[in-house]
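Take a look at the structure below.
There are 2 protein chains.
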Amino acid sequence: MPVFAVLPTEEFVLDEAPATLHDRLVSRLRALFLEGELPEGSRIPEIALSERFGVSRTPLREALKVMAAEGFVILRPNRGAVVAPVDPTEVAPLVEFKGALERLIGLLVPSRASEADIAELERLHLDLGDALERQDHAAYTRINYAFHQRLAQATRNPVLAQNYEAVQQKIWRYRFTINELSDRLTASYAEHEGIMAALRARTRLDLAERLEEHNRLTGEAMAQALATTGRFSPSHKSRKRSRSA
Amino acid sequence: MPVFAVLPTEEFVLDEAPATLHDRLVSRLRALFLEGELPEGSRIPEIALSERFGVSRTPLREALKVMAAEGFVILRPNRGAVVAPVDPTEVAPLVEFKGALERLIGLLVPSRASEADIAELERLHLDLGDALERQDHAAYTRINYAFHQRLAQATRNPVLAQNYEAVQQKIWRYRFTINELSDRLTASYAEHEGIMAALRARTRLDLAERLEEHNRLTGEAMAQALATTGRFSPSHKSRKRSRSA
DNA sequence: TAGGCAATTTCTGCATGCAATATGACAAGA
DNA sequence: TCTTGTCATATTGCATGCAGAAATTGCCTA
Numbered sequence: 320m321p322v323f324a325v326l327p328t329e330e331f332v333l334d335e336a337p338a339t340l341h342d343r344l345v346s347r348l349r350a351l352f353l354e355g356e357l358p359e360g361s362r363i364p365e366i367a368l369s370e371r372f373g374v375s376r377t378p379l380r381e382a383l384k385v386m387a388a389e390g391f392v393i394l395r396p397n398r399g400a401v402v403a404p405v406d407p408t409e410v411a412p413l414v415e416f417k418g419a420l421e422r423l424i425g426l427l428v429p430s431r432a433s434e435a436d437i438a439e440l441e442r443l444h445l446d447l448g449d450a451l452e453r454q455d456h457a458a459y460t461r462i463n464y465a466f467h468q469r470l471a472q473a474t475r476n477p478v479l480a481q482n483y484e485a486v487q488q489k490i491w492r493y494r495f496t497i498n499e500l501s502d503r504l505t506a507s508y509a510e511h512e513g514i515m516a517a518l519r520a521r522t523r524l525d526l527a528e529r530l531e532e533h534n535r536l537t538g539e540a541m542a543q544a545l546a547t548t549g550r551f552s553p554s555h556k557s558r559k560r561s562r563s564a
Numbered sequence: 320m321p322v323f324a325v326l327p328t329e330e331f332v333l334d335e336a337p338a339t340l341h342d343r344l345v346s347r348l349r350a351l352f353l354e355g356e357l358p359e360g361s362r363i364p365e366i367a368l369s370e371r372f373g374v375s376r377t378p379l380r381e382a383l384k385v386m387a388a389e390g391f392v393i394l395r396p397n398r399g400a401v402v403a404p405v406d407p408t409e410v411a412p413l414v415e416f417k418g419a420l421e422r423l424i425g426l427l428v429p430s431r432a433s434e435a436d437i438a439e440l441e442r443l444h445l446d447l448g449d450a451l452e453r454q455d456h457a458a459y460t461r462i463n464y465a466f467h468q469r470l471a472q473a474t475r476n477p478v479l480a481q482n483y484e485a486v487q488q489k490i491w492r493y494r495f496t497i498n499e500l501s502d503r504l505t506a507s508y509a510e511h512e513g514i515m516a517a518l519r520a521r522t523r524l525d526l527a528e529r530l531e532e533h534n535r536l537t538g539e540a541m542a543q544a545l546a547t548t549g550r551f552s553p554s555h556k557s558r559k560r561s562r563s564a
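Protein chains in written order, with our numbering: chain A, 320 to 564; chain B, 320 to 564.
Pasting the structure below:
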């Protein structure tokens with residue numbers, strides 16, 4: 320036995336070891352859903368998916384149970400699992416709910432965030448500005464996601480942070496609605512400037528209101544995009560082709 | 320997956336026949352955890368539990384995955400599942416989080432509740448008064464749970480209602496902290512009177528503030544009870560006896 | 001030709017078996 | 001006596017097999 324263990328690098332990286340197969344499957348499935356690889360509403364044959372992932376049905380079924388608990392798939396007894404359809408009428412309740420969380424975040428962060436937290440948020444805010452300048456919508460959306468997640472964590476309330484990320488993930492599926500709206504991107508960044516200002520000043524009510532407003536405006540933009548673009552005709556389902564191009 | 324109310328007394332649960340075995344297991348496990356049958360932090364041997372329920376390990380494992388996703392059990396890879404320990408430091412974040420939801424409920428219900436909703440809430444409120452008169456703490460807690468759940472549903476926001484019930488279930492595990500505090504019961508009912516008044520008048524801000532305050536006061540009572548009673552010495556574990564009496 | 005019924009086929013749900021890992025005890029050496 | 005290495009046991013993780021339900025197809029009848 321080697322005294323100096325090889326320590327295959329993973330030991331260091333994986334603080335939270337997803338050593339088990341079904342855990343990894345949950346991650347992969349979540350990625351699939353969040354990236355929109357699987358068309359919404361489509362059935363998920365267990366055998367096909369298990370073969371695709373190279374595992375047996377048992378861990379896949381366990382992973383599907385978790386995804387169902389998180390609301391990304393719907394399990395119908397004896398009738399298989401379907402990808403939870405992206406329902407445009409679901410956006411409004413999600414945004415409304417998230418608004419309440421945003422407000423609480425705004426109320427808590429000023430009194431609980433450390434200087435390191437704010438510094439980290441400043442850094443993300445700079446990255447956000449870079450993405451805006453480059454007109455890199457994908458990057459902007461991603462950094463924006465990370466910023467708000469970080470902000471939620473700065474409340475030092477793990478329940479809040481976890482639930483916030485959960486609702487963020489659900490809304491993430493509708494991000495395509497605003498991906499191409501440049502003016503919304505600019506407006507969003509302006510709101511972020513105000514948020515950062517309130518954050519630096521650590522003014523509770525101001526930050527809460529700005530976050531709520533930011534959430535509300537983003538939701539309105541999504542709703543408007545959904546209303547104008549007739550994107551939800553359930554007939555055509557060839558959205559994945561846009562990726563292969 | 321919808322989080323169907325478990326709300327003790329399994330008779331209510333069976334409105335929606337969970338045809339699949341693991342679904343029933345989830346319900347039974349949730350009931351076990353909510354009733355505190357299983358001591359927190361204890362390991363859950365799969366074989367023992369599967370024999371107790373008279374099923375094989377497969378559906379039990381699937382049910383445990385769901386419970387883990389909901390935060391009631393913790394799965395350690397290759398080391399089995401443990402009942403999520405009831406951590407008194409978790410109460411404050413839960414209450415704080417629920418406060419944000421209460422406020423949103425208060426803001427939404429006045430403009431969205433139907434007359435039938437309010438009538439139903441009036442009925443529950445009467446039952447609550449009866450329970451108070453009888454000094455039936457268990458009934459009071461249960462009806463109180465149902466009342467607030469119904470109120471959340473009256474917002475017509477399914478996301479809010481579902482998340483509210485989830486956080487309610489988590490806090491439910493700490494209800495023993497206030498089960499014996501008669502004065503808190505009386506105060507709670509007084510607050511409910513105010514809530515009902517605001518509800519009848521359909522005054523948004525008033526209802527929101529009253530709900531937030533009600534939540535805050537309940538949380539404070541729980542925190543105080545946790546601080547005074549040295550209930551969390553991990554040595555003695557004979558809490559289930561309080562039910563059989 | 002259209003509609004209904006039945007058989008087949010496909011897929012899900014659950015039980016069981018085997019391999020892998022963790023846990024505890026025990027013995028040998030310092 | 002304490003540490004360390006090894007082994008035995010128990011438990012988890014995953015694959016496979018079988019029974020049952022649902023979906024589909026084909027056939028028969030009106």
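We put the CB at the ideal spot given by N, CA and C, even for glycine.
At a cut-off of 7 angstroms between beta-carbon atoms, Val478(A) makes contact with chain B.
With a 10 Å radius around the Cβ and a threshold of 16 neighbouring Cβ atoms, Arg371(B) comes out exposed.
Ile424(B) is not a Cβ neighbour of Leu443(B), given a cutoff of 7 angstroms. Contact annotation: Val410(B) and Glu359(B) have beta-carbon atoms that are not nearer than 7 angstroms. For Thr339(A), the residues of chain B that pass the 7 angstroms Cβ criterion are Pro396, in the order they occur in the chain.
Restricting attention to alpha helix (DSSP H) runs no shorter than 4 residues, the stretch 369 to 423 of chain A encloses them at 376 to 389, ordered along the chain. Taken in chain order, the members of the stretch 402 to 431 of chain A whose beta-carbon sits within less than 7 angstroms of a beta-carbon on chain B are Pro412, Leu413, Glu415, Phe416, Ala419, Leu420, Arg422 and Leu423. Taking a C-beta distance under 7 angstroms as the contact criterion, Val392(A) and Arg492(A) do not qualify as a contact pair. Among the residues facing chain A, Val374(B) is not included, as its CB has no counterpart in that chain under 7 angstroms away. Under a criterion of Cβ atoms nearer than 8 angstroms, the residues of chain B adjacent to Thr377(A) are, in order, Thr377. Of all C-beta pairs linking the stretch 417 to 434 of chain A to the stretch 517 to 525 of chain A, three or more are shorter than 8 angstroms, placing the two stretches in contact.
In this model, Gly390(A) and Ala388(B) are separated by some 11 angstroms (Cα to Cα).
Non-local C-beta neighbours of Leu353(A) in its own chain, meaning closer than 8 angstroms and more than five positions away in sequence, comprise Gln488, Trp491 and Arg492, ordered along the chain.
DSSP places Arg529(A) in the helix class (H, G or I) of the three-state scheme. With a cut-off of 8 angstroms on Cβ pairs, the stretch 527 to 538 of chain B is not in contact with the stretch 477 to 488 of chain B, counting fewer than three such pairs.
Inter-residue distance for Lys417(A) and Gly355(B) is about 31 angstroms (C-alpha atoms, whole angstroms). Where Arg519(A) is concerned, the enclosing alpha helix (DSSP H) starts and stops at Ser501 to Ala520.
Scanning its chain for C-beta atoms nearer than 8 angstroms, with the 5 sequence neighbours on each side dropped, one finds around Arg469(B) the residues Asp436, Glu439, Leu440 and Leu443, in chain order. About 19 angstroms separates the CB atoms of Pro412(A) and Leu530(B); that is not less than 8 angstroms, and the two are not in contact. In this structure, the alpha-carbon of Leu348(A) lies about 21 angstroms from that of Ala457(A).
Interface annotation, Ala388(A): in contact with chain B, CB-CB separation under 7 angstroms. Pairing Asp446(A) with Gln543(B), the inter-Cα distance amounts to about 45 angstroms.
Just measuring C-alpha positions, the residue of Glu539(A), Pro477(A) and Arg380(A) sitting nearest Ser507(A) is Glu539(A). Leaving aside the five residues that flank Leu420(A) on each side, the residues in its chain whose CB is nearer than 8 angstroms to its CB run, in chain order, Ala471, Leu479, Asn482, Tyr483 and Val486. In terms of Cα proximity to Arg422(A), the closest of His467(A), Leu357(A), Gln454(A) and Ser361(A) is His467(A).
Secondary structure of Ile366(A) (DSSP, three-state): helix.
At a cut-off of 7 angstroms between beta-carbon atoms, Glu381(B) makes contact with chain A. Here Ala517(A) is buried, its C-beta having at least 16 other C-beta atoms within 10 Å.
Per DSSP, reduced to three states, the secondary structure at Asp455(B) is coil, with no helix or strand assignment.
Assignment of Ile497(B) by DSSP, reduced to helix, strand and coil, places it in the coil class. In the DSSP assignment, Ser346(B) falls within the alpha helix (DSSP H) that extends over Leu340 to Glu354.
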